[in-house]
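Let me begin by presenting the structure, written as structure tokens, before commenting on it.
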Amino acid sequence: MPCVGDWLNSPLSIVQGIFAQNVPHSDWEKKVTEYFKEKLKENNATNWVPSLNDVPVHYLKPNSLVKFRCMVQDMFDPEFYMGVYETVDPNTNARVLHFGKYRDVAECGPQQEIDLNSSQTVTLERQTFYCVPVPGESAWVKEISFLTELVLNAVTYISASQARVSPSTSYTPSRHKRSYEEDEDMDLHPSKQKEQHMGNSCCSGSDIHGCVEPKRLETEASVGHHVISPNCSPPLDLNFPLPGEKGPACLVKVYESWESFKVNDVLEVFGVLSVDPVLSIVNSEERDSSTLDPMECMDTAEEQRVHSPPASLVPRIHVILAQKLQHINPLLPACLNEEESKTCEFVSNFMSELSPVRAELLGFLTHALLGDSLAAEYLILHLISTVYARRDVLPLGKFTVNLSGCPRNSAFTEHLYRLIQQLVPASYHLRMSIESMNHSRFIPHKDYTANRLVSGLLQLASNTSLVIDETQLEQGQLDTAGVHNVTALGNLITWQKVDYDFNYHRMEFPCNINVLITSEGRSLLPSDCQVHLQPQIIPPNMEEYMSSLLTAVLPSVLNKFRIYLSLLRLLDYSISDEVTKAVEEDFVEMRKNDPESVTADDLHKMLLVARFLSLSAGQTTLSRERWLRAKQLEALRKARLQQQKCVNGNEL
1 MPCVGDWLNS PLSIVQGIFA QNVPHSDWEK KVTEYFKEKL KENNATNWVP SLNDVPVHYL
61 KPNSLVKFRC MVQDMFDPEF YMGVYETVDP NTNARVLHFG KYRDVAECGP QQEIDLNSSQ
121 TVTLERQTFY CVPVPGESAW VKEISFLTEL VLNAVTYISA SQARVSPSTS YTPSRHKRSY
181 EEDEDMDLHP SKQKEQHMGN SCCSGSDIHG CVEPKRLETE ASVGHHVISP NCSPPLDLNF
241 PLPGEKGPAC LVKVYESWES FKVNDVLEVF GVLSVDPVLS IVNSEERDSS TLDPMECMDT
301 AEEQRVHSPP ASLVPRIHVI LAQKLQHINP LLPACLNEEE SKTCEFVSNF MSELSPVRAE
361 LLGFLTHALL GDSLAAEYLI LHLISTVYAR RDVLPLGKFT VNLSGCPRNS AFTEHLYRLI
421 QQLVPASYHL RMSIESMNHS RFIPHKDYTA NRLVSGLLQL ASNTSLVIDE TQLEQGQLDT
481 AGVHNVTALG NLITWQKVDY DFNYHRMEFP CNINVLITSE GRSLLPSDCQ VHLQPQIIPP
541 NMEEYMSSLL TAVLPSVLNK FRIYLSLLRL LDYSISDEVT KAVEEDFVEM RKNDPESVTA
601 DDLHKMLLVA RFLSLSAGQT TLSRERWLRA KQLEALRKAR LQQQKCVNGN EL
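The following block contains the structure:
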């Protein structure tokens, strides 16, 4: 394996070299981006980069290059920082230019201090995203990603070394706060800072006894007017959307094209890891300070705590390169994000063996659904469905399935979800009960005190599989919160959107969530397709039966299932004019034969089924054969519902 160079272990030294060679020209930043982009294009180079998803932050070297697969949970206010600043040696009057990009704290050499009045100083702007691991990310995604990097990565992770104290290079616009230069051993003796509001110079060299005037260099971390002791403050809420989530939350600092990213986007970022202890020390000092002018402390203590958490808990990543991810399946190649995906060798090879993979998956799901092959067909169609376009407010391609007739007391849905969890990259099991509806927070809302978006269960990444279990629902009374939560679920299913609560108004956030509802009778929630389960076998031990299904599947076959479901979501699809005309004529004929029961909604549903049937067979255009098969499946499904209605004497 090629030896990893300084670009991975010490990216700031590479940036320094490019900066020194190109100053005073303004294109040095572009050259930095191009340099790292070329490095990461090398064979397997992205797998050499340590991932915060896999490696605990305390095992990573500070200021090294890292990557992070994440979802943008919130966007903070933009902040200004010193893009270029000048230091001066008071003894020799020698001046040196430094870059402030990709840094939280300014650096200067021994016997130097920052000249804030220098004409060379350049103030720039950057955006901060609060990012969390992808909600509901499956364990197999993490495991495969980690194993891939373990095989290819020869990097030895080095524990963080103590960093010397330097003032921050950034501040938030319109919010004036201050910090003070501290003694160089502040990080070793934090208590000293509470006795000193004026310290030595910003330099990080040997002890400097000559004091200088304190400078307002730190304005990114806000100062609360009231005293808040870290020992007394409540534990930091990392604001994960789903309960029980693990992994780091990060403050991701973006320097270019941040307007192309939005809340809930899934990103992979490559950048400089910043866990400088000074961030925690300065922020703690500012929270404890009660001597500052209240007019300068426009942030609340809670906002300061949320926006500037300890770097050991919420590390910072200064982004050099970032990209949106179409998928998070580590078994698929990155070429699927590019135009070359149509000619990608991996895709071509897999498509050539698609039929046997589909047949095996159908058999696997048939057993999972207790021998019901029709329900298994519809489950495959559901799992490859995705919103491919929006016409006005109508999302096209959504295919919410209500699987009715599910056994109530056998934990069937729980075990079915575990199987689905092994197939899809991200999922969540929502157990629908009166208590969960009344007490859970489904809708994200704005906390204006902390100036952050508080997450909810429905803040999910695109293509997440949401399995809603209605079999646990019992009689009871929904309170106001419960009614709002049920309404939010209905809007998610019908319109593929969630209305986030900003107190004074609601803001629509479009989404693309695959919803599967399991129920005894017809679901209380809307759906695109109801399939009544007809078990052919009733296993005496449901848990043992479902577990044996997974055990019997070879890992290589399971991986093929995972590739199959993720890949087919990304394929284009079209209907030729000739087939469109044939479908229209066929529908007219169906209306003539049965004008009361065949509606426009039936046509839309059959076209959806035909679309996903074609894609499930690897066909990107609709054929006459697939159209007839879609009609057949719909006829079988509707006949089963009618039969069950006659048996029960009421509608499911």
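The UniProt record's numbering applies: residue 1 is where the sequence shown begins, and numbers increase by one. Where is the CB? At the ideal position from N, CA and C, for every residue including glycine. Small disclaimer: the values here were computed from a predicted structure and weren't measured.
Item, Value
"Report all residues from its chain with a CB closer than 7 Å to the CB of Leu560; omit the five preceding and five following residues, and keep chain order.", "One detail in the question is off: residue 560 reads as Lys in this sequence, not Leu. Within the same chain, Lys560 has close Cβ partners Val357."
"Contact between the stretch 573-580 and the stretch 618-625: three or more CB pairs below 8 Å?", "yes"
"With three or more C-beta pairs closer than 8 Å as the rule, is the stretch 125-135 touching the stretch 103-111?", "no"
"List in chain order: all unbroken beta strand (DSSP E) runs of 3+ residues lying wholly within the stretch 371-404.", "389-391, 394-396, 401-404"
"Anyone know if the C-beta pair for Thr386 and Asn512 falls short of 8 Å?", "yes"
"For Ile443 versus Tyr388, is the C-beta spacing smaller than 8 Å?", "no"
"Check the C-beta distance from Leu466 over to Leu430 and give it rounded, since I have them as a contact under 8 Å.", "6 Å"
"Runs of 3 residues minimum, wholly inside the stretch 78-159: which ones carry the beta strand (DSSP E) assignment?", "79-88, 95-99, 122-132"
"Counting only the same chain and skipping the five closest in sequence on each side, list residues whose C-beta sits under 7 Å from that of Gly476.", "Ile434"
"Per the contact definition of three or more C-beta pairs closer than 8 Å, is the stretch 45-56 in contact with the stretch 84-92?", "no"
"Below 8 Å CB to CB, which residues in the same chain sit around Ser138 once its five sequence neighbours on both sides are set aside?", "Gln421, Gln422, Val424, Pro425, Ala426, Ser427"
"Kindly provide the ranges of any beta strand (DSSP E) runs that are 3 or more residues long and lie completely inside the stretch 430-517, ordered along the chain.", "445-447, 452-454, 465-469, 497-501, 506-510"
"Bridge partners for Thr621 per DSSP, in chain order?", "Ser574"
"What would DSSP say about Gln323, mapped onto helix, strand or coil?", "strand"
"Within its chain, find whatever has a CB closer than 7 Å to the CB of Ile14; leave out the 5 residues flanking it on each side and keep chain order.", "Asp6, Trp7, Tyr35"
"What is the residue span of the alpha helix (DSSP H) that Lys30 lies within?", "28-40"
"Work out the CA separation of Met437 and Val486 for me, nearest whole Å.", "7 Å"
"Compute the Euclidean distance between the alpha carbons of Leu633 and Leu374, then round it to the nearest angstrom.", "8 Å"
"May I have the straight-line CA-CA distance separating Trp627 from Gln536, to the nearest angstrom?", "28 Å"
"Taking only the alpha-carbon atoms, compute the straight-line gap between Tyr59 and Leu279 and give it to the nearest angstrom.", "19 Å"
"Alpha carbons only, please: which of His484, Gly521, His445 is nearest the one belonging to Tyr504?", "His445"
"Buried or exposed for Pro315, going by 16 or more other Cβ atoms inside 10 Å?", "buried"
"I need the DSSP call for Leu273, collapsed to helix, strand or coil.", "strand"
"Tell me which residue opens and which closes the alpha helix (DSSP H) that Val609 is part of.", "600-616"
"With a threshold of 8 Å on Cβ separation, who are the neighbours of residue 660 within its own chain once the five nearest residues in sequence on each side are excluded?", "Limits of the chain in this structure are 1 at one end and 652 at the other, which puts residue 660 out of reach."
"Evaluate the contact criterion for the stretch 392-400 versus the stretch 581-599: three or more CB pairs, one atom per stretch, below 8 Å.", "no"
"What is the rounded straight-line gap between the Cα of Asn541 and the Cα of Ser547?", "10 Å"
"Quick one: is residue 653 buried, meaning 16 or more other Cβ sit within 10 Å of its Cβ, or exposed?", "No answer is possible for residue 653: it lies beyond the span of the chain, which begins at 1 and ends at 652."
"Taking the alpha helix (DSSP H) that Asp74 belongs to, which residues open and close that run?", "Unbroken run through Asp74 is the beta strand (DSSP E), 65-75; no alpha helix (DSSP H)."
"Name the DSSP bridge partner or partners of Val254?", "Gln127"
"In chain order, what residues of the same chain lie with their CB nearer than 6 Å to the CB of Gly17, ignoring the 5 residues before and after it?", "none"
"Exposed or buried, which one is Cys232 when buried takes at least 16 other CB atoms within 10 Å?", "Model confidence at Cys232 stands at a pLDDT of 49, short of 50, so the residue's coordinates are unreliable; what they give is reported in the following sentence. Cys232 is exposed by the Cβ-count criterion."
"Which residues in the same chain have their Cβ closer than 6 Å to the Cβ of Arg452, if we skip the five residues on either side of it in sequence?", "Asp74, Val306"
"Could you tell me whether the Cβ atoms of Met606 and Ala630 are closer together than 8 Å?", "yes"
"Smallest Cα separation from His318: which of Leu419, Ser410, Phe68, Gly456?", "Phe68"
"Give the straight-line distance between the Cα atoms of Val84 and Glu245, rounded to the nearest whole angstrom.", "39 Å"
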